[in-house]
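Let me begin by presenting the structure, written as structure tokens, before commenting on it.
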Amino acid sequence: MNIIVCVKQVQDPETPASQFRVDEAAKKVIPPPGIPPTVNQYDANAIEAAVQLKEQHGGRITVISLGKDTARDAIKQALSMGCDAGLLIDDPAFEDADAYQTANVLAAAIKSVGDYDLILCGRQASDWDQAQVPQGLAELLGIPSVTPVAGIEVTGTTLRVKRLIEDGYEVLEVPMPALLAVSNEANQPRYPTLKGIMAAARAKVDVKSAADLGVNAVGRKVQLLRLYVPKVESQIEWITGETPEEQAANLARRLREERVI
Amino acid sequence: MPPGSSIERTVGVEPSCSPQPCRDSFWNIGDERIVLYIGAAIMVGLLAWGISRWYRLWLIGKPEFRANDLLGRLRQMLVFGLGQRRTSRDAYAGTMHAFIYGSFVVLTVITIMESLNYWGHRLFNIQFLNGPFYLVYSFFGDAFGLLLLVGVGMAAYRRYVMKSSKLEYRFDDGLTLVLFTVVGLTGFFVEAARLAVTETVQHPQWAIWSPISYLLSFALLSLPVGFLLGFHKAMWMLHLLAALGVLTWIGYSKMSHILFGPLNIFFFNPLAGRALRPIDDFEGAIERGEPLGVAKLTDFTWKQLLDSSACIKCGRCHAVCPATASGKPLSPKNLILDIRYHLLSAGPGYLAQKAAGTNGATAAEETLSPVAPDGRTLVGDVISDDVLWSCTTCRACMEECPMFIEHIPAIVDMRRNLVMMESRFSPELQRLFNNLESAGNPWRSPKAQRADWAKDLGVKILAEAAAEGEEIEVLYWVGCAGSFDERNQKVARSFARTMQAAGVKFAILGREETCTGDPARRCGNEYLFQLLAQENIATMNGYNVKKVVTACAHCYNTIKNEYPQFGGHYDVMHHTEYIDELIKSGRIRIQGRIDETLTYHDPCYIGRHNGLYDAPREVLKAIPGLNVIEMPRNGRKAFCCGGGGGHSFFEVKIGSRINHLRTQEALDTGSRGLAAACPYCNLMFEDGVKVKDAVERFRVRDVAELIDEAIQAGTSAAPAGS
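Structure, rendered in structure tokens:
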């Protein structure tokens, strides 16, 4: 079973709000110093799902990431967890790619890798949270896709997929090859064994540019108009009263005035 | 035939050396003595085989060098092994053991003397057991026989009447007491029967030197002489067999502690537990397919297997373990005994594998497989994961163990395998590792904010001080808790202010500081620990740091005891030690008062692990008005707060919470608050006090906060010149 996992390196989502800065003129996020980027958490779930499938059914896992040189760490992380090969597409032309451009580049990269039975992505990336790339990628490759996925079983050439819906989940049968966008409900990503860490440290990650892949230069579909940190204002009003009962009555009155109750 | 040696004596016949007081060897014993010689030969053979079986089992373990500092080792063996310094700590058990141990030694010597006397007489016609010396000798035999029975009686009473969950109740535990009782009782019967036929009648002034037997002999006097002679012979035979049985039993039961105890104490590593053994070559081990840590018996070192064989099942560790007390699955005693029983059941299979050699792939595969020859895995089947994760590494077990068994390294070694080879541990722990990897602290706080707590205090960053060419006296190692945790930032601020008040020239590393690695190491992630340790050591050595002070008990232990393993040699002081020194040298003058009654909690990593009990108390004593009362368990017996061994960051959700137990103990002292000296303790008690709904009446403060408060109170309240 050949699996391809697409991963994205993102700014650590646990960066404290106080450290988060944007350059409004350049419309860019300024990476906070001393806080290293990490593997997008949903992508870690996709990696884990791939490794579990490999443990059950055998096969080979290729990890692909579009990103800057630092994204090599994200690929190494995947390799240390049990993936077999890594491909980094590092091209300044796609530094701020939108979902459509990203899907195009990834589609080209996947075609360059060769045959596959299954493509796994995270359901969305924690930086822009658009959740567009997986479906776009499946569309470009002409394969079925399911998102968000909470469980995967392989029976022959068919996948039984648990898909999250608003009030529960549904089980779908999907023919392979297919693309699944994995959610955190699917698993708990493993901590790599030292053997994995050592192997990943030695492993070579292929690096290619868009030109190497022969990607068609496609234009952006999304235009970023403005990037800013929203100001959150809060007001505190003390409700007074002689007794607790009176305080409660006054609170109720104020809440009614505000039409909260 | 030598005179008197095998003559059947009846009333009226004097012993050979009469009129001097003495007795004949083998009195009333004829050819039966052949049983002694054959029995002794069998005993020696069985004992030797029993011991050699253990010896061979130890050797399935890995090599480890423990032959350094032989004099120090001899000393610890004499003081704690033969000298019983630890065993005697428990008044009842210590006395009981001293009686049995003392009488075993004295009665063995008495028997040897008897034998020497016999052979001396027979071969060289020299007897030394006569005259007054014989009488004193008789008295010793009687007195220590009684002591033996009293000791065994105490043991039986403790075991079967008082009863305790810390004791084992296996068949062999009872049999040991039975054997000793038989030896003691038959000893008296033999002597009494002899006296009844001889000395009691002929020389009561001799017989009186065997007071117990003398009294007993009166009960026998009315019996016919012929019967007494038969009775004597029977008792002699029983005594002989029981005594040989005891000696043989040493090779096959917990009585082996007579030999393995002193041996284990001799090979004890004084740094065990406080400085965990480093893994030297990760890459090589991985390449060679060797396991990291311990997954099976053969991954232990021979010393760790000796540990399991030396356990006397006294249960002292069981009685003091916070995991056991809080209902977690770990009992240090059961852990060690589980290893012992597994060694007995699976060890012979490993020996057979070893004997078969490594010819054939299957033999090689078998040695790598975690499944033991008895079909079980050490970690998982014999010892569950939860057992291993329950340990807070508080050292209570190691501090109590009269055999100096090294529990903590064994537990951490098995954790190492779970973490680095199996990746089998809780998600919370994974979060801890991830955070340490990416941010260098357990909470994933940004490195850039490490010195934020000190922003308005004018604290020097070492890099700045070095750039300005400023000399510092001491590097203040803040640690992650002091740097990032809101509660402990207050401690850091207090300690910094205290040093400033004393005029100490100190600096901090700021963003260059990273976690010492203590939680990673104690949780088995030795690889991550070494990465962090090497980074810190490179930083400190880069600044040529000589002296380090820290308010974190865990950082203190790791920098002091573990960094030397990687080339980091510093003079490390705990902040309570440092403040104590500042007070005693007059650099701190406390003019304020704190009129409160507090109790002090000993952090495991400065107390038991490093013997720092007095300095914090001295500091508290130096604060006018402050009254310190002790919890029932204090000093080396202090009960863990529950936060060590990584437990501040993950939880074994079984049983109750250790910090709640300890907080209750503190509340029960009736004091108004608690002084602690470790960031984990501070957090554990803050939580405990909240849960016990005691926030209003019970305050938790670090020693540094109290001293700071007292200094500040003096400067603001005291009128000038007062």
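Chains as they are written, first to last, in this note's numbering: chain A, 834 to 1094; chain B, 947 to 1668. Every residue gets a Cβ at the ideal spot worked out from N, C-alpha and C, and that includes glycine.
Could you tell me how far apart the beta carbons of residue i and residue j are, in whole angstroms, since I believe they sit closer than 8 Å?
i	j	result
Ala1356(B)	Asp1226(B)	In fact, because the Cβ distance is near 19 Å, the residues do not count as touching under 8 Å.
Pro1278(B)	Cys1267(B)	5 Å
Thr1615(B)	Thr1545(B)	5 Å
Thr1026(A)	Met1042(B)	Actually they do not touch by this definition, with Cβ atoms about 49 Å apart.
Leu1403(B)	Ala1442(B)	5 Å
Cys1257(B)	Arg1223(B)	Not really, about 21 Å apart at Cβ, beyond 8 Å.
Ile1030(A)	Leu886(A)	The Cβ separation is near 22 Å, so there is no contact.
Lys1041(A)	Leu920(A)	7 Å
Gly1087(B)	Ile1058(B)	Not quite, the Cβ-Cβ distance comes to about 12 Å (not below 8 Å), so this is no contact.
Asp970(B)	Ser962(B)	6 Å
Gln1151(B)	Asn1076(B)	That pair is no contact at about 15 Å.
Gln910(A)	Val946(A)	About 19 Å separates the two Cβ atoms, so there is no contact after all.
Ala1499(B)	Cys1624(B)	4 Å
Ile894(A)	Val838(A)	6 Å
Ala1411(B)	Val1424(B)	Rounded, the Cβ-Cβ distance is 15 Å, inconsistent with contact.
On the CB-based measure, 16 or more other CB atoms within 10 Å of its CB, does residue i come out buried or exposed?
i	result
Ser851(A)	exposed
Ala1085(A)	exposed
Met1108(B)	exposed
Phe1070(B)	exposed
Asp1648(B)	buried
Gly932(A)	Residue identity check: residue 932(A) is Ala in the sequence provided, not Gly. So Ala932(A) ends up on the buried side.
Ala1292(B)	buried
Asn1387(B)	buried
Gly1306(B)	Annotation note: pLDDT 46 at Gly1306(B) (below 50); position unreliable, coordinate value reported separately. Looking at its Cβ environment, which holds fewer than 16 other Cβ atoms inside 10 Å, Gly1306(B) is exposed.
Ser1668(B)	Per-residue confidence for Ser1668(B) stands at a pLDDT of 40, beneath the threshold of 50, marking its modelled position as unreliable; no derived number is given.
Thr1076(A)	exposed
Ile908(A)	buried
Pro870(A)	buried
Tyr1083(B)	buried
Ile1232(B)	buried
Val1051(B)	exposed
Ala1309(B)	Confidence is the limiting factor: at Ala1309(B) the pLDDT is only 47, short of 50, which leaves the residue's position unreliable, though a coordinate-based value still follows. Exposed, by the Cβ-count rule.
Thr1132(B)	buried
His1353(B)	buried
Return the first residue and the last residue of the beta strand (DSSP E) that residue i is part of.
i	result
Trp1423(B)	Val1420 to Trp1423
Ala1011(A)	Ala1011 to Val1015
Gly984(A)	Ser978 to Thr988
Val1325(B)	It is not in any beta strand (DSSP E) - Val1325(B) carries neither H nor E in the DSSP assignment.
Cys954(A)	Leu951 to Gly955
Looking at residue j and residue i, is the spacing between their C-beta atoms short of 8 Å?
i	j	result
Glu1417(B)	Ala1221(B)	no
Ile889(B)	Ser1617(B)	Chain B is shown only over 947 to 1668; residue 889(B) falls outside these bounds and no answer can be derived.
Gly1571(B)	Arg1539(B)	yes
Asn1482(B)	Phe1379(B)	no
Gly969(A)	Ala1014(A)	no
Cys1586(B)	Thr1338(B)	yes
Arg993(A)	Val979(A)	no
Tyr1038(B)	Arg1104(B)	yes
Lys1112(B)	Ala1342(B)	no
Leu1057(A)	Lys901(A)	no
Considering just the uninterrupted stretch of the alpha helix (DSSP H) at residue i, what are its terminal residues?
i	result
Thr935(A)	Ala932 to Val946
His1178(B)	Val1171 to Trp1195
Ile1454(B)	No alpha helix (DSSP H) contains Ile1454(B), which is instead part of the beta strand (DSSP E) from Phe1452 to Ile1454.
Met1031(A)	Leu1027 to Arg1035
Asp876(A)	Gln874 to His890
His1515(B)	No alpha helix (DSSP H) contains His1515(B), which DSSP labels as neither H nor E.
Gly1619(B)	Gly1619(B) -> not in any alpha helix (DSSP H); beta strand (DSSP E) instead, spanning Gly1619 to Ala1622.
Using 8 Å as the limit for Cβ to Cβ distance, is residue i near chain E?
i	result
Ala1394(B)	Annotation note: the requested chain E is absent from the structure, which comprises protein chains A and B.
Chain A contacts from the region 1363 to 1379 of chain B (Cβ-Cβ distance under 9 Å)
Val1365, Met1366, Met1367, Glu1368, Ser1369, Phe1371, Pro1373, Leu1375, Gln1376 and Phe1379
Output, in sequence order along the chain, the residues in the region 1217 to 1247 of chain B whose CB is closer than 7 Å to any CB in chain A.
Under the 7 Å Cβ criterion, the region 1217 to 1247 of chain B contributes Phe1228, Glu1229, Ile1232 and Leu1238.
For the region 1458 to 1473 of chain B, enumerate the residues whose C-beta is nearer than 8 Å to any C-beta of chain A, in chain order.
Tyr1473
Cβ-based contacts, 8 Å cut-off: residues of the region 846 to 878 of chain A near chain B:
Glu847, Thr848, Pro849, Gln852, Pro865, Pro866, Gly867, Ile868, Pro869 and Thr871
For the region 1016 to 1032 of chain A, enumerate the residues whose C-beta is nearer than 9 Å to any C-beta of chain B, in chain order.
Gln1021, Pro1022, Arg1023, Tyr1024, Pro1025, Thr1026, Leu1027, Lys1028, Gly1029, Ile1030, Met1031 and Ala1032
Along the region 1313 to 1328 of chain B, what residues have a CB closer than 9 Å to any CB found in chain A?
none
What residues from the region 1380 to 1392 of chain B come within 8 Å of chain A, judged by C-beta to C-beta, listed N to C?
Asn1380, Ser1384, Ala1385, Arg1390, Ser1391 and Pro1392
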